[in-house]
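Before any comments, here is the structure.
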Amino acid sequence: KPKLGPSGAVSSNMPKKCVYRLLNTLWSDGGRLRGRQGWDISLRRRPVQRETFQAGDPYHISRREKEELLARWRKEKEEKAQLGITMSDIMDDQSAVGSQKEEESAINLPSTPTPQQQHTDPASPTVATTPEPPPVACGNKVMTRSSEMDLEYEDGRGFGIGELVWGKLRGFSWWPGRIVSWWMAGRSRAAEGTRWVMWFGDGKFSVVCVEKLLPLSTFCTSFHQPTYNKQPMYRKAIYEVLQTAGMRAGKPFPVCVSADDPDISNSVEVHTQQMIEWASTGFLPSGAKGLEPPPAERSPYTEVYPEMWVEPEAAAYTAPPPAKKPRKNSVEKPKIKEIIDEGTRERLVYEVRQKCRNIEDICISCGSLNVALEHPLFIGAMCQSCKNSFLECAYQYDDDGYQSYCTICCGGREVLMCGNNNCCRCFCVECVDLLVGSGSAQAAIREDPWNCYMCCSRNVSGLLRRRDDWTSRLQLFFANNHDQEFEPPKLYSPMSAEKRQPIRVLSLFDGIATGLLVLKDLGIQVDRYVASEVCEDSITVGIVRHHGKIMYVGDVRNITHKHERPVRYDGTGRLFFEFYRLLHEARPKEGDERPFFWLFENVVAMGISDKRDISRFLECNPVMIDAKEVSAAHRARYFWGNLPGMNRPLTAMMNDRLELQDCLEHGRTAKFGKVRTITTRSNSIKQGKDQHYPVYMNNKEDILWCTEMER
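Heads up: the sequence shown at position 569 corresponds to 569 in the UniProt record's numbering, and the numbers run straight through without jumps.
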């Protein structure tokens with residue numbers, strides 16, 4: 001009958017001599033059970049320990065461990081340097097002694113062997129030994145510093161540690177960064193063909209495949225001027241990377257620590273423009289070679305921007321802060337752990353074409369399977385990250401009036417612009433070739449004018465199918481994007497007409513006094529209208545149109561308690577906090593039941609975190625309203641406030657001028673049905689891809705007159 005042996009294997013009745021040999025083998029090595037030292041000397045082999053090298057592994061090195069590891073490495077480096085100096089002195093002394101011994105041996109002992117034939121025992125004082133690099137412990141991992149420096153990013157595809165690069169993430173322009181070690185990022189090793197990049201501007205980390213990396217020397221083709229004009233973080237990143245490039249190339253530029261002071265801010269802008277001009281000309285005189293990192297910065301343990309230490313994160317967007325009120329009955333789908341590379345979307349789209357997968361189950365923008373909602377414009381799904389990108393980029397326009405990014409993926413380096421004069425959408429070449437069909441982008445380029453997939457008569461183009469109710473879905477998309485809930489605004493009891501009194505208004509960033517114009521059109525009596533405006537031309541329009549009934553108080557930062565109450569606002573950036581200050585100063589005190597209404601306006605093309613912060617301060621969510629619904633111009637804006645009925649559907653009235661022709665003077669003909677958003681920039685008047693003026697008069701193109709723009 002078989003029996004179970006000591007090692008777990010089944011043994012039969014074997015001779016005693018074999019059993020003794022087996023036990024002697026098992027309990028050899030000083031009485032320890034054989035097999036504890038590894039599978040290679042064990043009777044029953046253990047499985048090989050699996051070590052993952054996938055980017056995005058959850059293994060994390062804490063900041064404390066980083067500091068300890070860095071301090072240990074520095075100490076070992078100093079000891080090694082000291083040891084090298086000591087050994088060098090010993091070698092010098094021994095060489096002098098050796099030469100003296102050679103002379104003596106040549107005279108007295110001619111049979112003594114030469115130094116090359118002497119014993120080379122490492123313990124001999126005449127032989128200098130090279131110390132092995134000490135192991136560096138990190139948690140439960142043990143590694144040698146030399147192996148880390150030798151093996152990281154050695155796949156033969158370039159972009160070593162310390163190099164300055166351009167990197168591309170979906171939803172962003174090409175962004176400057178620096179190649180760093182996985183140890184610096186605080187995550188696991190990057191997979192083969194990928195690199196850890198620390199982005200300039202915010203100091204965050206991402207894993208980027210080498211196909212989405214370009215050297216900084218390609219500045220002329222990678223630098224995006226529209227993004228530089230609109231995004232402060234991009235301007236900061238350009239400033240930082242060119243400062244670093246200038247130091248490496250031996251062309252240092254002045255460093256400005258703070259930009260809060262207007263004079264310093266102007267100086268920073270001047271220096272940045274000088275650096276951009278230098279970079280655009282090819283980083284002369286040293287060129288691309290002058291941008292190579294010095295030997296000290298090629299070490300994976302060299303600190304880069306120690307003052308910018310942040311918690312490592314490779315995601316494009318940070319998680320939202322806790323909501324003021326958690327949503328009820330909210331059940332989140334289980335997230336799929338996935339790493340999206342360049343071939344993910346192509347592979348999934350191929351499966352959709354082969355009828356192996358439903359397009360409603362994948363994000364058509366990036367290829368993610370962690371879908372959160374339906375795409376508002378086309379048949380297909382969308383993940384949370386792409387939703388955030390869409391919210392920020394859908395109403396972001398360049399100086400030519402077209403969208404800054406692709407309508408589908410909110411990215412793209414090369415885009416196709418719609419030829420319809422009343423459309424301003426763009427589609428990137430990658431999305432068109434992937435979803436419509438290979439070669440579709442080139443066919444669209446040859447077609448003139450080319451109507452985009454939102455304007456053409458056909459609803460279906462390959463896998464790209466336009467939704468029939470996309471207009472209402474787009475409105476709901478922006479209306480239901482709030483991740484915070486607040487108490488409803490206070491409602492005031494209605495007041496009979498004979499008891500109503502004229503209101504007092506404080507209008508911040510008043511512009512051309514359209515607030516007073518609207519109040520008059522609504523039949524509301526205004527007791528006093530106090531306006532804050534710094535543009536002289538706008539002030540002139542307000543004085544002329546309203547016959548001096550507006551009290552101008554200058555810069556909003558100079559308004560104090562002595563100025564009159566309630567509030568209206570139209571501004572962005574840091575001046576929002578001036579509005580918040582005035583809102584609390586003007587608000588009635590506890591127990592005062594006088595009606596108090598306020599309204600705050602800002603652009604739709606803002607960051608998700610900025611919108612969340614504004615909502616948290618004002619304790620309400622915004623309403624998105626596009627002026628094209630009630631006027632002849634496109635102007636999508638967010639509105640925060642406590643006015644009754646802000647959330648109701650927007651419907652045009654009988655006297656609203658919905659077409660541009662309705663706003664023109666006699667004898668002038670409109671070339672377009674609606675104009676794009678008119679700003680203070682002169683080129684905002686021009687329309688279409690070919691930049692035409694919107695009006696015909698006397699067989700010539702003409703701009704809009706002031707009276708027509710006011711309408």
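For each residue, glycine too, the CB sits at the ideal point set by N, CA and C. No experiment lies behind these values; they were computed from the predicted model shown.
Distance cut-off 7 Å: residue i Cβ against heavy atoms of the ligand GTP
i: Arg-657; result: As far as ligands go, the structure on display features none, and thus does not contain the ligand GTP.
Beta carbon of residue i nearer than 8 Å to that of residue j
i: Val-526; j: Leu-519; result: yes
i: Ala-479; j: Met-624; result: yes
i: His-634; j: Lys-589; result: no
i: Trp-196; j: Val-180; result: yes
i: Arg-616; j: Gln-484; result: yes
i: Leu-216; j: Ala-249; result: no
i: Phe-579; j: Phe-600; result: yes
i: Val-695; j: Leu-664; result: yes
i: Leu-575; j: Val-556; result: yes
i: Tyr-397; j: Cys-423; result: no
i: Thr-221; j: Val-210; result: no
i: Phe-219; j: Ser-280; result: yes
i: Glu-240; j: Gly-201; result: yes
i: Gly-667; j: Met-709; result: no
i: Trp-470; j: Pro-300; result: no
i: Thr-272; j: Arg-235; result: yes
i: Trp-450; j: Gly-419; result: yes
i: Lys-431; j: Cys-406; result: For the record, residue 431 in the displayed sequence is Cys; it is not Lys. Going by C-beta atoms, Cys-431 is nearer than 8 Å to Cys-406.
i: Arg-657; j: Asn-602; result: no
i: Leu-660; j: Ile-685; result: no
i: Cys-366; j: Arg-170; result: yes
Secondary structure of residue i, DSSP reduced to three states
i: Trp-598; result: strand
i: Trp-278; result: helix
i: Gly-287; result: helix
i: Arg-650; result: The sequence given here places Leu at residue 650; Arg does not occur at that position. Here Leu-650 sits in coil by DSSP.
i: Trp-470; result: helix
i: Glu-346; result: helix
i: Arg-72; result: helix
i: Thr-669; result: strand
i: Met-495; result: coil
i: Phe-639; result: strand
i: Ala-444; result: helix
i: Tyr-580; result: helix
i: Ala-633; result: strand
i: Cys-456; result: coil
i: Gln-475; result: helix
i: Tyr-59; result: Bear in mind that the predicted position of Tyr-59 carries a pLDDT of just 43, short of 50, making it too unreliable to give a figure here.
i: Pro-294; result: coil
i: Arg-575; result: Sequence inspection shows Leu at residue 575; the Arg mentioned does not correspond to that position. Reduced to three states, the DSSP call for Leu-575 is helix.
i: Asn-655; result: coil
i: Glu-708; result: helix
Bridge partner(s) assigned by DSSP for residue i
i: residue 713; result: Nothing can be reported for residue 713: it is not among the residues displayed for the chain, which extend from 1 to 711.
i: Val-702; result: A small correction: the amino acid at residue 702 is Asp; Val does not occupy that position in the sequence shown. Looking at the DSSP assignment, Asp-702 forms a beta bridge with Val-695.
i: Glu-374; result: Ala-381
i: Cys-428; result: Val-415
i: Cys-410; result: Cys-410 pairs with nothing; no bridge assigned.
i: Ser-461; result: Leu-464
i: Cys-363; result: Ala-381
i: Val-675; result: Ala-633
i: Gln-687; result: His-692
i: Gln-403; result: Tyr-397
i: Val-180; result: Trp-196
Residue ranges of each beta strand (DSSP E) within the stretch 185-267, 3 or longer: 194-199, 205-209, 213-215
3 or more residues per run - each beta strand (DSSP E) lying fully within the stretch 600-628: Secondary structure within the stretch 600-628: the beta strand (DSSP E) runs of 3 or more consecutive residues, fully enclosed, are 623-626 (chain order).
Segment contact, 8 Å Cβ cut-off, at least three pairs: the stretch 440-448 with the stretch 350-368: no
contact_flag[the stretch 529-539, the stretch 497-507] where n(CB pairs < 8 Å) is 3 or more: yes
Segment contact, 8 Å Cβ cut-off, at least three pairs: the stretch 380-391 with the stretch 183-203: The answer is no - the stretch 183-203 does not touch the stretch 380-391, with fewer than three Cβ pairs under 8 Å.
Whole runs of the alpha helix (DSSP H) within the stretch 478-555, excluding any shorter than 4 residues: 514-521, 536-545
The stretch 647-658 touching the stretch 406-414, judged by at least three CB pairs closer than 8 Å: no
Meets three-Cβ-pair contact criterion under 8 Å: the stretch 286-299 and the stretch 162-177: Segments in contact, yes.
Contact between the stretch 449-461 and the stretch 604-611 (3+ Cβ pairs under 8 Å): Between the stretch 449-461 and the stretch 604-611 there are fewer than three C-beta pairs closer than 8 Å, too few to call the two in contact.
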